[in-house]
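Reviewing the structure listed below.
Protein chains: 4
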Amino acid sequence: MSPARVGVVGASGYAGAELMRLLSSHPGADVVFASGSSSAGQKIADLYPSLSGVFPDLRLRQHQDLPTGLDAVFLALPHGASQKLVRSIDSPALIDLGADFRFTDVATYEDWYGGAHQAPDLNESFAYGLVELFRDEIARANAVSVPGCYPTASVLTMAPLLAAELVEPSSVVVNAISGVSGAGRDPKPTTIFGAVAENVAAYAVSAHRHTPEMEEILGRLAVQDVSLIFTPHLAPMNRGILATCYMRPTGSETEEDLLDAMATAYKGEHFVSVTEGLPSTKATQGSNSIHMTVRKDQRTGWVVAIGALDNLGKGAAGQAVQCANVMLGLEETTGLATTGVYP
Amino acid sequence: MSPARVGVVGASGYAGAELMRLLSSHPGADVVFASGSSSAGQKIADLYPSLSGVFPDLRLRQHQDLPTGLDAVFLALPHGASQKLVRSIDSPALIDLGADFRFTDVATYEDWYGGAHQAPDLNESFAYGLVELFRDEIARANAVSVPGCYPTASVLTMAPLLAAELVEPSSVVVNAISGVSGAGRDPKPTTIFGAVAENVAAYAVSAHRHTPEMEEILGRLAVQDVSLIFTPHLAPMNRGILATCYMRPTGSETEEDLLDAMATAYKGEHFVSVTEGLPSTKATQGSNSIHMTVRKDQRTGWVVAIGALDNLGKGAAGQAVQCANVMLGLEETTGLATTGVYP
Amino acid sequence: MSPARVGVVGASGYAGAELMRLLSSHPGADVVFASGSSSAGQKIADLYPSLSGVFPDLRLRQHQDLPTGLDAVFLALPHGASQKLVRSIDSPALIDLGADFRFTDVATYEDWYGGAHQAPDLNESFAYGLVELFRDEIARANAVSVPGCYPTASVLTMAPLLAAELVEPSSVVVNAISGVSGAGRDPKPTTIFGAVAENVAAYAVSAHRHTPEMEEILGRLAVQDVSLIFTPHLAPMNRGILATCYMRPTGSETEEDLLDAMATAYKGEHFVSVTEGLPSTKATQGSNSIHMTVRKDQRTGWVVAIGALDNLGKGAAGQAVQCANVMLGLEETTGLATTGVYP
Amino acid sequence: MSPARVGVVGASGYAGAELMRLLSSHPGADVVFASGSSSAGQKIADLYPSLSGVFPDLRLRQHQDLPTGLDAVFLALPHGASQKLVRSIDSPALIDLGADFRFTDVATYEDWYGGAHQAPDLNESFAYGLVELFRDEIARANAVSVPGCYPTASVLTMAPLLAAELVEPSSVVVNAISGVSGAGRDPKPTTIFGAVAENVAAYAVSAHRHTPEMEEILGRLAVQDVSLIFTPHLAPMNRGILATCYMRPTGSETEEDLLDAMATAYKGEHFVSVTEGLPSTKATQGSNSIHMTVRKDQRTGWVVAIGALDNLGKGAAGQAVQCANVMLGLEETTGLATTGVYP
């Protein structure tokens, strides 16, 4: 079988460049198009010398130069951009890494992201790209919306407990810590080394747009409303998200019971490691894996589920490739690392 | 007035070395003794070249060589060590940075730290060294137990809200992130650069010994039992603690009300900055300051109080010097930086 | 004696903010003016929360609002800006941290920095602010040009060897490694965390503007032309410069002879530590100190002198305050730390 | 063709674990044995959670349990260990990552590493594993000695210039900067986060054991004696080596001439990128690539060649796998990444 001809729209950002890295060694894919808006005309190897060995001469194009008829198209664009582009894209496998088509109800998108959605009629054609939970829908879909990095970490980590009604769907506290690549490649006062190194701070308290995404997907799994507070923090590292999720138990299950439920839910999943030890982001660096565990505090009863992943891997580009593999009928693990680059 | 003659027992660890740094430029103190157990005989400047300009020739002594009659003695030792030493120390100002005398009830210490306490009769002679909350007790005391780094951050941050009954004393979640110096200077598999850099992980979930300390002191301030879960995390930085504290509100106070309560409580405090912006650990690096704020999540009602400090500064050695200043009748701010070293 | 009334023109950059930090606790100085061009009108505490405890309400002014008659004025501006401003400044102590007045020959400045100098007539009124080497000139001067960070590190380190003719003035290789604060606070693609963390690279090879400054000052000390190649590198840290300087020996002096020459040259200097061990940047973090040593390679004969300092401390703001102290007749060490913040 | 059955002796160190990571996704290799001395009996996934997805249950064995008849055996042991083991190993492809068999003359090894070599008779059976330079010898050999990390970086970078006699073989200065993984996984005072983060320092000045290795291999290529001084530095990052190499030119070749010579020498090499831009270590992170360039300083004549690689990748485990591929007759690039993990 000849490799799928794929395009990457938005290859100049971190998620796009990670797609380029993964696809460059993907045996079932051939990148025939890559675009960047402000960097159109430049060599991708000049923006990312890390790609110089595989794409020494490839120049970024304008988004609108995307050819028709590609086997798969990845969109790695700021929110709001996909909704304007999708109608013009003709491909049996469209994988959108942005937020535009992540919500069942377009109104939720509009509330949290602002402005009237430009393609509300197309919204329901998108499957939600959390492969471990929605594999069949993804396999049937022609379009997939890849989850946000924080929702990927926290939803996968809490899903087995909420779906089995082992924890209450209210009073959920999600406290997450992220590396800085989540803030993108554009230079900002908050992302320069001097502001980030030797620093930890919370940001977007009560206001992060991944909150409603978590609530919606977890609510779908719990089959009832989920209410949670989400507090993201920035830590001085390139990649990684650690989600520490606090929930009240519904019954008297022990820590072992909870851990069993988690392990059972993900039995056979290639990219999920349920561990007795506490997960660390570094173990997942550069991979498509998520590591997770759960603890129960004897004194206070709180259930604490903790998940770790690479925000650009499983949290973005890795998961996008995993979706594409499923959509294209390839082996799901093709071109994706299970092991983290350590140290 | 001639400078106080002070001794530092345990000068070879990070907290001890920070004491040496602070005391070296303290106009009211003269370090006449410094000891280290395993490094006795070595020059402190060989262990800490950062001190070579001020202590080029000072050699560490054995703990037991501590002279009597010093104006102040600092103990910066592993837990369990102070309780064996204190009886032999003759000084009007004893400042213990360890955990041995932090609890009102010796049994709590024994439960969490293990073993029978060696000096239970001396326990009540120690004041708890959180100057902003217990200044008068400290001024009257001959012995002070300096709070742990996490309790300093979280207790100071939550105290105004709990004391004013603006938040519930149960269902408290303290999620904290620390730099690695909190784990000490002894090389461990978990503290080598390769394990820490580009990594975030939780540790000691449900089991950290600072938990009962927070509960006791906050309970004293709230005048009722406080129950909390505490989850510490390690981030790749040298110094700093960020405590993100979740509490349920008791009434309908607004975010502004809560912030006012916090600001009012610390009005006039030199080392406390109550800010509208979100605090960052880096702003406090190398200083004795704590920065804090509070938010109320409109959607879920959660109150989120966030505090940041330098775990070796306000969280250990800085606070210890602040206590000593109060005990010795010096200006409380003497020898202590209010500004952080930035970037 | 009442504190000197000082102004800081350009307080919003890293060097300017470090001046604000140092001056805030300087017993002989009172900051009565601070300006920032693009951030005029903003509170300095909003730009630098690290300063919120000492300057909670101080707002940055426009440069041109600088009052006359101040006891001392610091200029911390991009190169080219000072030469336009100096004529309008009326103060007995002008300390310029920029490059405009660092060269004896204005033509050298123009060659390396470009454009015609706007105040060539004032050039010779500036002393070169390397206190340990030009203390008397600085004490007599009304204007001082503070050396660049790299020249401070490398000139101080090599000066004793070149001045004593122990090494050849040609074939000098200066290989230096700097933290990122040297690149300033403006967000740039090259200074974001994602570009800097986990990365080391050379930059400005053969083209760095500090090259002629090193050659000129070293030439003045060696009383003959000095020719050197300088290669700066960027390392993932906030502060610090390590200069590794390779020179050919003129005679058969041993390593001990060279180390003695270095130690003798700086005997009694408060901020210079000549050490047998290899210097590390971290030992000088936040201080005005420079640590240095020298080695002789038995096999090849190369002399290797290595110096470490904090580029914002001794390499910029610290040294500027040291100069001001000398100019104002204060104790030279006033308000300056000798110890590094460690770890 | 069924995958080669391979063993990894010394899988618990960083280089060994990197071998495990690379081999886990190598389509032509199947790891059937892994050993660790002090960690025998433990699961590799407990030491390296990054490997939990691929080796969930594999336990480390004792070195002596290595079965005979494996298709390939990797030794990743401290220097001195291989020479005692090799005689007992029966495999057509032995790849030693240690220093024991890197020198043509056993006496050089003994001078720099100490002690009498235990297997001098086997020394000449080892090829030197720098594939780009000694591919044919490696293909013919049953045993290969993988170069040190620093020699890999500096020899590959300087080889084209020395071999073509474009630079002098004397007066070579190699100034290199390394990440901390080069110091191994054993906790040491010098490798804890507190000692490394925010720090740069030189180490082993004039005394690093990679010096004679560089001299020997470069001398072989230059067909005359090469004399160089080598100064390694430690920077706060996990992986990466940047070698900045200063040489005197033999003639009047321009920078373009030199760059052409370098590019021509490596034309067609999959893992070598000769670039006009300055190489950065991060572009090679996690890969088997080396990036390099060369500059000529117009003012002083110095030729500066700069090379960057991942010390655990091309500098150790990556190169070892590349050697094994050549020895086993596999495609040389099998299982090896060309792209760096960025950011």
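Chains W, A, U and V supply the protein sequences, listed in that same order. Heads up: the first sequence at position 81 corresponds to 81 in my numbering, and the numbers run straight through without jumps. Each number in my numbering comes from the position in the second sequence (counting from 1) with 343 added on. Each number in my numbering comes from the position in the third sequence (counting from 1) with 686 added on. Each number in my numbering comes from the position in the fourth sequence (counting from 1) with 1029 added on. No residue lacks a Cβ here, since even glycine has one placed at the ideal position from N, Cα and C. Remember, predicted model here, so these are calculated numbers, not experimental data.
Of the other Cβ atoms in all chains shown, 16 or more fall within 10 Å of the Cβ of A:Gln-665; this residue is therefore buried. Taken in chain order, the whole alpha helix (DSSP H) runs of length 4 or more contained in the region 443-492 of chain A are 449-456 and 474-483. DSSP places U:Thr-897 in the helix class (H, G or I) of the three-state scheme. Residues of chain V with a Cβ closer than 9 Å to the Cβ of U:Met-923 are, in chain order, Ala-1226, Glu-1227, Asn-1228, Val-1229, Ala-1264 and Pro-1265. Any Cβ of chain U closer than 9 Å to the Cβ of W:Val-73 would place that residue at the interface, and such an atom is absent. Checking the DSSP bridge columns, you'll see U:Gly-993 partnered with U:Ala-929 and U:Met-978. For A:Ile-387, the enclosing alpha helix (DSSP H) stretches over residues 387-390. Shown here for A:Ala-547: same chain residues with a beta carbon closer than 8 Å to its own, the five before and five after excluded, namely Pro-575 in chain order.
Counting C-beta pairs with one atom in each stretch, the region 860-872 of chain U and the region 919-930 of chain U have three or more that are closer than 8 Å, which means they touch.
Residues of chain W with a Cβ closer than 8 Å to the Cβ of U:Gly-868 do not exist, since the nearest Cβ in that chain sits about 10 Å away. The three-state reading of DSSP puts A:Leu-602 in helix, counting H, G and I together. Per DSSP, W:Arg-5 is one residue of the beta strand (DSSP E) stretching across 4-9. In the structure shown, V:Asp-1059 falls within a strand segment according to DSSP collapsed to helix, strand and coil. Listed along chain V, the residues sitting closer than 9 Å to W:Ala-17 by beta-carbon distance are Tyr-1371 and Pro-1372. Among the CB atoms of chain A, none fall inside 9 Å of the CB of U:Ser-864. DSSP places W:Thr-231 within a strand segment (E or B) once states are collapsed to three. Within the DSSP secondary-structure output, A:Ile-520 pairs in a beta bridge with A:His-576 and A:Leu-585. In this structure, A:Gly-423 is the residue among A:Leu-473, A:Val-637 and A:Gly-423 with its C-alpha nearest to the C-alpha of A:Val-449.
Here W:Gly-16 is buried, its C-beta having at least 16 other C-beta atoms within 10 Å.
In the structure shown, V:Asp-1125 adopts extended strand secondary structure according to DSSP, grouped into three states. For W:Pro-249, the secondary structure class from DSSP, reduced to helix, strand or coil, is strand. The region 1036-1051 of chain V and the region 1059-1077 of chain V touch, with no fewer than 3 CB-CB distances between them shorter than 8 Å. Counting of Cβ neighbours within 10 angstroms places V:Asn-1171 among the exposed residues, the total staying below 16.
In the displayed model, A:Leu-655 falls within coil according to three-state DSSP, outside both helix and strand. Distance from V:Ser-1302 to W:Ser-52 at the Cβ level is roughly 5 Å; contact confirmed, criterion being Cβ atoms closer than 8 Å. If you compare the alpha carbons of V:Thr-1293, V:Gly-1344 and V:Tyr-1043 with that of V:Gly-1065, the shortest gap goes to V:Tyr-1043.
With fewer than three CB-CB distances shorter than 8 Å, the region 1145-1157 of chain V does not count as touching the region 1331-1350 of chain V. Following the DSSP letters along the chain, one finds W:Val-73 in no alpha helix (DSSP H) but inside the beta strand (DSSP E) bounded by residues 72-75.
Note that the region 599-608 of chain A does not touch the region 543-560 of chain A; fewer than 3 beta-carbon pairs, one per stretch, sit closer than 8 Å. Thr-275, Gly-277, Pro-279, Ser-280, Lys-282, Ala-283, Thr-284, Gln-285, Gly-286, Ser-287, Ser-289 and His-291: these are the residues of the region 274-303 of chain W whose beta carbon lies less than 8 Å from some beta carbon of chain V, given in chain order.
Proximity of chain A to V:Gly-1223 at the Cβ level (cut-off 8 Å) is accounted for by Tyr-357, Val-523, Ser-524, Arg-528, Thr-534 and Asn-581, in chain order. Under a criterion of Cβ atoms nearer than 8 Å, the residues of chain U adjacent to W:Lys-188 are, in order, Pro-873 and Ile-878. Contacts with chain V at 9 Å (Cβ-Cβ) include U:Leu-928.
Against chain U, the CB of V:Ser-1235 has a partner CB under 9 Å away; the residue lies at that interface. In the DSSP secondary-structure assignment, V:Ala-1231 is bridged to V:His-1262. Under the 8 Å Cβ criterion, the region 88-100 of chain W does not count as touching the region 48-63 of chain W, having fewer than three qualifying pairs.
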